[in-house]
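Asker: This note's numbering runs 180 ahead of the 1-based position in the sequence shown. Built from N, CA and C at the ideal position, the CB exists for glycine as well. Dropping a structure here in structure tokens format, bear with me for questions.
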Amino acid sequence: MLKGISPLLTPELLKVMMEMGHDDALVLADANFTAQSIAAGKPVIRLPGVPMLDAVQAVSSLLPLATDVAHPAAFMAVVGESDSYRSALQREVIALLAPALLPGQSVEPVERFVFYQRASTAYAIVVTGEKQPFGNFILRKGVIGENLRP
């Protein structure tokens, strides 16, 4: 254990988060996500039994979101619902991420098969124990640093 770091962040997950560079994507997937085939050799980390909200809270406590894009986070849109539909889980995760968003940024809904395509280019996939269908999210890593010096 380390002070100030969620015990949900396993050594393997911490390593992956540290290795990621600016604009690399991390998928946080529900328990039904086809992670192994989509990852195609990239890291797949398992957090069995961990609800999505807890996983997002733990990851976002250390992972800065990208500030140079309109949508530093995305979620899988629910098939058969209107574009504006958000499940209770999606609303909870969006609310959790909201304080890290800059003015003009938002969390983007992404059609299921487009989400799979984006997930295939992610740095890693974290499979949680979330049982809620369409409980899948992508977070894009930002930077930590000082402003440019004149």
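So, helix, strand or coil for residue 266, using DSSP?
Answerer: Residue 266: coil per DSSP, three-state reduction.
Asker: Round the Cβ separation of residue 227 and residue 188 to the nearest angstrom and send it over; I've been treating them as touching at under 8 Å.
Answerer: With 8 Å as the limit, residue 227 and residue 188 qualify as a contact, their Cβ atoms being about 6 Å apart.
Asker: Would you call the segment 213-221 in contact with the segment 293-302, where contact means no fewer than 3 C-beta pairs closer than 8 Å?
Answerer: Touching, per the Cβ criterion.
Asker: Using 8 Å as the limit for Cβ to Cβ distance, is residue 302 near chain D?
Answerer: Among the chains of the structure shown, chain D does not appear; only one protein chain is present.
Asker: Looking only at DSSP bridge pairs, what is residue 190 linked to?
Answerer: Per DSSP, none; premise fails for residue 190.
Asker: Who does residue 276 pair with in a DSSP beta bridge?
Answerer: Residue 276 is not bridged to any residue.
Asker: In angstroms with no decimal places, state the Cα-to-Cα distance between residue 291 and residue 197.
Answerer: Taking the straight line joining both Cα atoms gives about 26 Å.
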